[in-house]
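Residue numbers (this note's numbering), protein chains in the order written: chain A, 1 to 281; chain B, 1 to 520.
C-beta: ideal position from N, C-alpha, C; glycine also.
Contents: one structure, followed by commentary.
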């Protein structure tokens, strides 16, 4: 198993940092899957421990100037590592003006992703900082646990309004109750509501876009006004919204009535899918 | 507007009075902020050659001192005798009856809360220390004739003084604050300590991870600096020193704000490292940080002890917690009885070891076979100790506890033979040798032989065996070495030491007296 990559372009470094920053805000520890074309950050919680699933894809060509890897074997040319994204972010945070960053898979005190940064200096001297971020290698037999989650048949699919405004609303709602009901219909309406014994607050969005899906044919008999809803953990939702460091081009919210909420974020070629389970009532 | 003081020259009541001009208020404020990141009490001492602000952190592993020369002030009168106006020139040698006090850092910090607004609004700041009124008064004269007066209550105290010397250090580095700040930024905020490695051709900064519960789960960071980046570099001996990052950040915060270069003077592991900022003639700052003692010796000792392990293990099964408890009470009784021996070469780290013993003894599931868990626990206990306030009184009680046990022979025939052999062995090594090293002129406090020689030799030999067992636990192979910062702070203790504890410290204090006067 070998991996090495080099980031040189300053905008790539900054973008990479922001993407990792977003991931680290929503996931404590996850699996990094390295393939010849793509980096994946995967979280696949068991249902008993929450059931959250996250799938994030970063095409390596967008970030790395040099990229070389050897997987476990020729036919399984992939590497699965368990990493703490926050450690990676901390390692590259001071590298925002670096000349280059090298990321290598090394065997030091433990298996490590070694991040080497050539820091900028006022003089011509080089100042090299090396961070050994410990990782653990996921054995081949565990790989099937980290396959791309299958998309369920959604009851409704809607483009989300600006994350920033949503975040403010959800932060306020967070003080009222622990769960929030997210409801949407095919008429471009999105409703966020939280209720307690004393009060019930809801925010309505109108005229949002319902993206058209290719496999939607069977849903044509649906009432466009009918809301599909799901009750989710408000803290998790707030964390997801506030963790965003990239302003994505598109944020789509898909709801399976009373089963699951699926957020799909896309920015250039980077995409992130977040499956948020509903709270049983 | 000249301040008019009514004072007769030969008055016994001492008054310190000084005025900081507006241009210097920022530096003074930054100094207070920097000190507040180290200690919780601010020691104020007006000296004839300037106003000294000092602090020490709670574990006494870091000491900071700012000395503002009379030229820093618009008006400076240390209150010892003659008043001088303007920039202080010659001053008559007053008798050494100066005023010293300490105030809570928090209360002082409120005076200089926002350095930014201070800089913008304050035209001058008067500081008065009036023993008559028992108040330290900060008066901020702001623009538009606004005067803010802070009356702070203080406690009279002894001089706080760390014993260190900068001039003898074989290694010295001088660098701009910018360089060091940039370097330190690469370390994570939760990082406790950093190791500085100097060799003639390279300078490395590494995070210190050996005391982490699981070193394989920690990010290792290593930063290499080119010697050319430093203003000045002198490496007498290759060395590796480990010190706390938190205090270093406090120093850097000040140095960066004032944009002054920092000198680092140090020797080897276990000897203090001194950071000083002395390029401005109006003030100087010295920060003394303890460094971790060399870990090599400890490792050697632990491997030795390991060989004895198997022998001891057989005793571990028959321990009874109830017996322990009763023994403990006996111990404490003996403790209070014996007050006769004064053993001076007691170090903080040893007391830490004692505490560690106590800690592990209290754990109910002592016999757990899971050694990893055990060492983790010990680590937790240790790190807790590091954060703990090493109270002098407590420390001294521990001393006596130890002392009281040493002369008492392993009593009652119940002692098993093999156990006893080990025991006597240890006692001889640990017997209170008339301390020589401590009375040296060198401020170094000798590192005690790394093994704790503390045993509760009491009527029950079970207790004794348990101790052995605990020691053995402690020396589990692969256990990270314990932290050992050497203590280096004295002075100011006198006020806090209780009467009973004074005995053991007498020696220590008498040694100190020589060093106390001249300040670095």
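* To do: Determine the direct distance from the alpha carbon of residue 32 of chain A to that of residue 183 of chain B, and round the result to whole angstroms.
  => Those two C-alpha atoms are separated by around 29 Å.
* DSSP on residue 166 of chain B, reduced to helix/strand/coil? -> Of the three classes helix, strand and coil, the one that applies to residue 166 of chain B here is coil, per DSSP.
* Quick one: what does DSSP say residue 116 of chain B is sitting in, helix, strand or coil? -> Three-state DSSP puts residue 116 of chain B in a helix.
* **Stretch pair the region 126–135 of chain B + the region 16–29 of chain B: three plus CB contacts closer than 8 Å** => A contact between stretches requires three or more CB pairs, one per stretch, nearer than 8 Å, and the region 126–135 of chain B meets this requirement with the region 16–29 of chain B.
* In three-state DSSP terms, what is residue 110 of chain B? -> Note: residue 110 of chain B maps to helix in three-state DSSP.
* To do: Along the alpha helix (DSSP H) that carries residue 14 of chain A, what are the first and last residues, could you check?
  => Residues 10–26.
* Where residue 247 of chain A sits in the DSSP three-state scheme -> It is coil, neither helix nor strand.
* Whose Cβ in chain A lies nearer than 7 Å to the Cβ of residue 139 of chain B? -> Here the premise fails: no neighbours, minimum Cβ distance about 42 Å.
* To do: Scan the region 82–99 of chain A for residues whose Cβ lies nearer than 7 Å to a Cβ of chain B and list them as they occur along the chain.
  => Flagged, chain order: 87, 90, 91, 94.
* Just how far apart, CA to CA, sit residue 85 of chain A and residue 147 of chain B? -> Those two C-alpha atoms are separated by around 52 Å.
* Answer with buried or exposed for residue 22 of chain A, where buried requires no fewer than 16 other C-beta atoms within 10 angstroms of its C-beta. => Taking all protein chains in view, the Cβ of residue 22 of chain A is crowded by 16 or more other Cβ atoms within 10 Å, so the residue is classified as buried.
* Asked: Does the count of Cβ pairs from the region 207–216 of chain B and the region 119–128 of chain A closer than 8 Å reach three?
  -> No: fewer than three Cβ pairs fall under 8 Å.
* Report the partner residues of residue 149 of chain B according to the DSSP bridge assignment. => Beta-bridge pairing links residue 149 of chain B to B:139.
* To do: Mind checking which residues open and close the alpha helix (DSSP H) that includes residue 29 of chain B?
  => First-last of the alpha helix (DSSP H) with residue 29 of chain B: 25–36.
* Nearest to residue 266 of chain A by CA position, among A:233, A:260, A:249, is which residue? -> Among A:233, A:260, A:249, the Cα nearest to that of residue 266 of chain A belongs to A:249.
* **Rounded straight-line distance, which links the Cα of residue 22 of chain B to that of residue 29 of chain A** => Roughly 52 Å between the two C-alpha positions.
* Asked: According to DSSP, is residue 521 of chain B helix, strand or coil?
  -> With chain B represented from 1 up to 520, any question about residue 521 of chain B goes unanswered, as that position is not in the structure.
* To do: Could you tell me if residue 173 of chain A is buried or exposed, where buried requires 16 or more neighbouring beta carbons within 10 angstroms of its beta carbon?
  => Buried.
* Within the same chain, show all residues whose beta-carbon is closer than 6 Å to that of residue 262 of chain A, passing over the 5 residues directly before and after it, in chain order. => Cβ neighbours of residue 262 of chain A beyond the five flanking positions: 254, 275.
* Meets three-Cβ-pair contact criterion under 8 Å: the region 162–180 of chain A and the region 55–70 of chain A -> Contact fails between the region 162–180 of chain A and the region 55–70 of chain A, because fewer than three Cβ pairs, one in each stretch, are under 8 Å apart.
* Beta-carbon separation of residue 35 of chain B and residue 69 of chain B under 8 Å? -> Taking 8 Å as the cut-off, the Cβ atoms of residue 35 of chain B and residue 69 of chain B do not count as close.
* **Close beta carbons around residue 7 of chain A, own chain, < 7 Å, minus the five adjacent residues each side** => Hits under 7 Å: 13, 16, 63, 64, 65, 100, 101.
* Which residue or residues does DSSP assign as beta-bridge partners of residue 276 of chain A? -> According to the DSSP secondary-structure assignment, residue 276 of chain A is paired through a beta bridge with A:261.
* Asked: In three-state DSSP terms, what is residue 233 of chain B?
  -> Reduced to three states, the DSSP call for residue 233 of chain B is strand.
* Whose C-beta lies closer than 8 Å to the C-beta of residue 108 of chain A among residues of the same chain, with five residues either side of it excluded? -> Cβ neighbours of residue 108 of chain A within its own chain (closer than 8 Å, five residues either side excluded): 114, 132.
* Along chain A, which residues have their Cβ under 7 Å away from the Cβ of residue 215 of chain B? -> For a Cβ distance threshold of 7 Å, residue set 109 of chain A lies close to residue 215 of chain B, ordered along the chain.
* Using a beta-carbon distance below 8 Å, is residue 195 of chain B in contact with chain A? -> Not closer than 8 Å to any Cβ of chain A, the Cβ of residue 195 of chain B fails to qualify, so no.
* **Where residue 85 of chain A falls: helix, strand or coil (DSSP)** => Helix, per DSSP.
* Is residue 255 of chain A helix, strand or coil when you go by DSSP? -> Of the three classes helix, strand and coil, the one that applies to residue 255 of chain A here is strand, per DSSP.
* Verify whether the separation of the beta carbon atoms of residue 55 of chain A and residue 273 of chain A is less than 8 Å. => Yes. Within cutoff.
* Asked: For residue 480 of chain B and chain A, any beta-carbon pair shorter than 8 Å?
  -> Any reading at residue 480 of chain B is ruled out, since the residue's pLDDT is 45, under 50, leaving its predicted position unreliable.
* Looking at the structure shown, is residue 247 of chain B part of a helix, part of a strand, or coil, going by DSSP? -> Assignment of residue 247 of chain B by DSSP, reduced to helix, strand and coil, places it in the helix class.
* Interface flag, residue 134 of chain A vs chain B, CB-CB below 8 Å -> Taking Cβ atoms only, chain B reaches closer than 8 Å to residue 134 of chain A, which makes this a yes.
* Asked: Hey, residue 120 of chain A and residue 91 of chain A: beta-carbon distance below 8 Å or not?
  -> No, Cβ-Cβ distance for residue 120 of chain A and residue 91 of chain A is not below 8 Å.
* Asked: What's the C-alpha gap between residue 149 of chain B and residue 83 of chain A?
  -> Roughly 55 Å between the two C-alpha positions.
* **Same chain, Cβ closer than 6 Å to residue 201 of chain A, five either side skipped, listed in chain order** => Correct list, in chain order: 194.
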